[in-house]
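Numbering-wise (this note's numbering), the sequence shown opens with residue 77 and increments by one. Ideal Cβ placement from N, Cα and C applies to all residues, glycine included. No experiment lies behind these values; they were computed from the predicted model shown. The structure appears below as structure tokens.
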Amino acid sequence: MAVNNVLLLFQGTGYIVALMLSLCVVIPLALNLECFKGHCLLFTTGSFGDDGNFNADWASKAYCGYIMTISSLLVLVSFIQAVRMFTMLRRETDSSFLSAFLDCISTIILAVMVFIGSIMVTLGFKTWCDAVTQRFRSCDDASIMEISKADNVQTKGFFIQIGTVQFGIWSSWSPENSKEKLLKLELMKPTLIVSSNMQSAEGVGGHCPWYYYSKKSKYNCERSSLKNNVATKQLLSPTVVTSSDFVINLNPQENVIKTIDGREEEKNVAAVLNSIAQEMGSTLKAETLEATVDEDICSNCLPLNELIKEYGGNLFPEFLGELKSAAGFLKFLDTFRRASKKELLMLFKNTDRRILTQLLDVLAAAQTNDALDVAFELIDFESKDIDIAERFFTVSCNVSKSSEVVISKTLQFIFRNFSTGILKRKKLKATILITLSSLVRTYCTGNTANLNSLIVQNVNKILMNGLQECKDVACIVNHLLALRNIALPQNLPVLVEYVKRGEEFLD
């Protein structure tokens, strides 16, 4: 017979393991207490007398009493719970929410008690070994020593006995911790999978009530003249949305998971879903999964501060035009595209001035929102020396891929500085117009559908209006070059007209 509830099987197996490990504590500890005539070895100290016997300063018996109590309790609880779990598994039933909650609380308390006992055994045994190794090379060798005759203690085998206790109690803590996690999952199960509301359905034998738990079950099915008042959609598509963005659709007519839709980057998601299906007593009929990797993930990219230390020297002016410089540029380009505005500003604040210009080139090539914000913030466009500004725009217009964000940022820059003296500088204005048109051309080349996009039409309209307002030849030529760069079909008549009138407006 197939096992329908894997989680219950794991819990029962965990209790069996805990039972065996707890016996590894009870039996050797009982033997040790018998050999030591009721004295507790843990935390016992003492010294060796002149006659070679060990004069023990016996510790409290409460230490061994605590260990014996919790291990005996663990034997009892593990046995009862194992029988209970396998009984439910055989009957194909499951514990209620209250029962699972109480199991979870009791297991947590027991796990804490076992953990405290584990520490007591380890520290107590260490204290004993420190005392007896005053004369013996190791704690194991001390098994042949004699303790004062008044105590009548037999030390033979104490190392194996307490060592087994230590192994058993630490190992018992691990299954208890695992059972705690399984019980927490058991508590989550009703909200993860199905609704527990009673509904009615018309079956072969007549009208009968049925419930959605981990699978659909029918009870007391009898013929009846009652009509089914449950909405059709409620019957045919009970859907549960989990916190991990998975949508699980159950087919009530077949007890099958019909579809599962969701996003997940983990490779083992299919195995997890199959486990859920098995636990529900169902089969995974179909699944639609989408796994995507974030484009911004770069496993080999160094942080900016480390990147500067390792590759900053490649950007020195003396290496320009060499392969070394190109390699450094590409390294910085990958990282700049993933860096935040704050990180980029801090980089420029604390970087060697000799490579600032080259880093501005990387900013221009990065073509990200944060990179453009940093560039427009750092570059002094009002300076008399416009070489850096021109260089930035020249690099920008030669990128292989453009986006609407970049074009929009450039337009915003133009609008912000329209009334200032920046755009009155003819040379810089011409460079900005060529850059804007080149960005639009690249944007449209990547996807011809962008030709009709709003941002492209707005840029074209701005250039056409600027052309009509031009009062000198230089302005007309700059706008015509920009319109030619965009190469929109609707601009051809205008360009042809100006070609025909070439000599006229030049005069």
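At the level of alpha carbons, what is the spacing between residue i and residue j?
i    : j    : result
E168 : I156 : 18 Å
M221 : N129 : 7 Å
D217 : E110 : 21 Å
L396 : D456 : 24 Å
V532 : C520 : 8 Å
T145 : N108 : 15 Å
G193 : S248 : 11 Å
S529 : K485 : 16 Å
K505 : T411 : 31 Å
L509 : L380 : 32 Å
V102 : T121 : 23 Å
Q566 : S478 : 22 Å
H555 : L527 : 19 Å
H115 : F86  : 39 Å
R413 : R467 : 19 Å
T444 : N534 : 21 Å
T89  : G233 : 32 Å
D206 : I195 : 16 Å
R577 : I483 : 31 Å
S136 : L105 : 15 Å
M177 : V159 : Here the sequence assigns Phe to residue 177, which means Met is not the residue at that position. Their Cα atoms are separated by approximately 19 Å.
K503 : D463 : 10 Å
D446 : V481 : 10 Å
V190 : I181 : 14 Å
F162 : F212 : 50 Å
F489 : L454 : 13 Å
V450 : N536 : 27 Å
T198 : Y142 : 14 Å
Going by DSSP, what residue range makes up the beta strand (DSSP E) through residue i?
i    : result
T121 : T121 to F124
D133 : F130 to D133
What are the boundary residues of the alpha helix (DSSP H) that residue i is part of?
i    : result
M221 : Taken as a continuous stretch (DSSP letters only), M221 belongs to no alpha helix (DSSP H), as it is neither H nor E.
L421 : K417 to K425
N108 : V82 to C111
C116 : Here C116 belongs to no alpha helix (DSSP H), and DSSP marks it neither H nor E.
S610 : In the structure displayed, the chain extends from 77 to 583; residue 610 sits before or after that span and is not available.
K502 : K502 to G522
A207 : F173 to V208
I531 : L530 to E545
F484 : The amino acid at residue 484 is misidentified as Phe; the sequence shows Ser. E480 to R492 is the extent of the alpha helix (DSSP H) around S484.
Pick helix, strand or coil for residue i, following the three-state DSSP scheme.
i    : result
L564 : coil
P379 : coil
E466 : helix
V47  : This structure does not reach residue 47, given that the chain is present from 77 up to 583, and the question cannot be answered.
V475 : coil
E298 : With a pLDDT of 37 at E298, under the threshold of 50, the modelled position of that residue is not reliable, and the figure given next carries that caveat. If DSSP states are grouped into helix, strand and coil, E298 belongs with coil.
Q443 : coil
T169 : coil
R213 : coil
I455 : coil
F235 : helix
K137 : coil
D428 : coil
L448 : helix
F392 : coil
H555 : helix
D127 : coil
R160 : helix
D548 : coil
Am I right that residue i and residue j are in contact with their C-beta atoms under 8 Å? What's the rounded C-beta distance?
i    : j    : result
F119 : T203 : 5 Å
L378 : E386 : 7 Å
S219 : T231 : 6 Å
L84  : L165 : 5 Å
Y139 : G239 : Actually they are not in contact, since the Cβ atoms of Y139 and G239 sit about 17 Å apart, beyond 8 Å.
F235 : C100 : The Cβ separation is near 15 Å, so there is no contact.
V475 : T518 : 7 Å
S147 : I245 : 7 Å
A440 : S472 : 5 Å
L409 : S401 : Rounded, the Cβ-Cβ distance is 12 Å, inconsistent with contact.
Contact criterion: CB-CB distance below 7 Å. Does residue i meet it with respect to chain D?
i    : result
T444 : In summary, chain D is missing from the structure at hand, where a single protein chain is found.
Quick test of the definition: if touching needs 3 or more C-beta pairs under 8 Å, does the segment 511-523 touch the segment 555-563? The segment 511-523 is in contact with the segment 555-563.
Count the C-beta pairs between the segment 432-440 and the segment 401-416 that are closer than 8 Å, then say yes if the count reaches three, no if not. Yes: the two stretches touch, three or more of their Cβ pairs being nearer than 8 Å.
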